[in-house]
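> Quick one: the structure is below, questions incoming.
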Amino acid sequence: MTTSSDTPVLDTLAAMTMDSLDRCGLPQDMLILTRIAALTAMDAPPVSYLAHIEPAMKAGLTADKLQDVLVAVAPIVGTARVMSAAGHIAEALGIAIAVADESMPNQA
């Protein structure tokens, strides 16, 4: 296996995501909300939600919209998956905030 990078798995996932975005006709906000619903149904780990934080912010999505998605899918996927998703989203947001804090220059 020949790789041109130290992160071939992440590179592959990024390429797959970009290809999906290029081929999808949904508006950006609807695309992200659809992905959040799918992640909820799959009981995805926090890192999967973390990958969608920046695109969600760029699409102008609010916490209310994300909550609406969880409410919408609750009767289909069940309360356990929705509560798990809420926890994973909160953890992903915490990670994103910590990373952003780390990358900010010291404000003294």
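Be aware that the sequence shown starts at 1, since it is given in this note's numbering, and climbs by one per residue. Ideal Cβ placement from N, Cα and C applies to all residues, glycine included. As the structure is a computational prediction, the values presented were derived from the model and not from experiment.
Could you round the C-beta distance between A37 and V71 to whole angstroms and report it? I think they count as a contact, below 8 angstroms.
Actually they are not in contact, since the Cβ atoms of A37 and V71 sit about 11 angstroms apart, beyond 8 angstroms.
> From the DSSP output, in three-state form, read off S48 for me.
It is helical.
> Using only the alpha-carbon positions, how far apart do I53 and L13 sit?
Cα to Cα, the separation comes out at about 16 angstroms.
> What first and last residue would you give for the alpha helix (DSSP H) that runs through M83?
Residues 79-103.
> Measure the C-alpha to C-alpha separation of Q67 and P8 and round it to an integer number of angstroms.
C-alpha separation (whole angstroms): 34 angstroms.
> Could you tell me the distance, in whole angstroms, from the CA atom of S48 to the CA atom of T34?
Taking the straight line joining both Cα atoms gives about 14 angstroms.
> Note down the Cα distance separating P75 from S4, rounded to an integer number of angstroms.
Spanning the two alpha carbons is a distance of roughly 45 angstroms.
> Identify whether L61 lies in helix, strand or coil by the three-state DSSP scheme.
Here L61 sits in coil by DSSP.
> One question on the structure: do D101 and L61 come within less than 8 angstroms of each other, judged by their Cβ atoms?
Contact flag unset, no.
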